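Novice: With the first letter of the sequence shown counted as 1, position 134 gets the number 133 in numbering that gives the first Met the number 0; the numbers rise by one all the way through. Sending over a structure as structure tokens; questions will come in a sec.
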Amino acid sequence: MATTDETLTFSTQFVRFRAEYDDLPTFTFFMVANVIVSGYLLLSLPLSFFNIVRSRAKNSRIILIIFDAAMMAFLTAGAAAAAAIVYLAHKGNARANWFAICQQFNSFCERISGSLIGSFVGIAAFILLILLSAVALSRRN
């Protein structure tokens, strides 16, 4: 997402239109949310391995489930906001005079749509992770 940009040149080289991810604060929020969640996942790996080795560590499992749920909500907020902008980029809104830019900026729209799909796959993985963790915690009681 951070490398997503495209420049259109028209009949002369002096007239250029450029689309970058940081032109819209929503895409910046989406990228920051993904970076924070990815960092959290890297930092929570040692604690997860500790929970696998020590099966009696009930409190840290509960803390992990709570933080996983919070990170999933944060990732969902970023992806939902970006999805709204991607929809406007593809379809536009005639009432607000927002034009569909994906007809001109094909590569830009393909890349942001691809990163959005990846983020929704991550949300599904988080849901699965939280459910499996909750089931594993309930079986140990």
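Even for Gly, the Cβ is constructed at its ideal location relative to N, Cα and C. Values in this document were obtained by computation on a predicted structure and should not be read as measured data.
#1: Quick one: give me the first and last residue of the alpha helix (DSSP H) that Phe-66 is part of.
#2: Report the start-end ranges of each alpha helix (DSSP H) in the region 83-139 that is 4 residues or longer and not cut off at the edges.
#3: Below 9 Å between beta carbons: does that hold for Asn-33 and Ser-112?
#4: With a 10 Å radius around its C-beta and 16 neighbouring C-beta atoms as the bar for buried, classify Gly-38 as buried or exposed.
#5: How would you call Arg-55, buried or exposed, if buried means at least 16 neighbouring beta carbons within 10 angstroms?
#6: Beta carbon of Ala-80: closer than 8 Å to some heavy atom of the ligand NAP?
#7: Please state whether DSSP places Leu-23 in a helix, a strand or coil.
Specialist: Put simply:
#1: For the purposes of this step, residue 66 is taken as the residue at position 67 of the sequence shown. Phe-66 -> alpha helix (DSSP H) spans 57-90.
#2: 105-138
#3: For the purposes of this step, residue 33 is taken as residue 34 along the sequence shown, with counting starting at 1. For the purposes of this step, residue 112 is taken as residue 113 along the sequence shown, with counting starting at 1. It is not a contact, given that the beta carbons lie outside the stated cut-off.
#4: Along the sequence shown, one-based indexing puts residue 38 at 39. Classification for Gly-38: exposed.
#5: Within the sequence shown, the letter at position 56 stands for residue 55. Under this definition Arg-55 is an exposed residue.
#6: The ligand content of the structure shown is nil, which means the ligand NAP is not present either.
#7: Within the sequence shown, numbered from 1, the residue matching residue 23 stands at position 24. Reduced to three states, the DSSP call for Leu-23 is coil.
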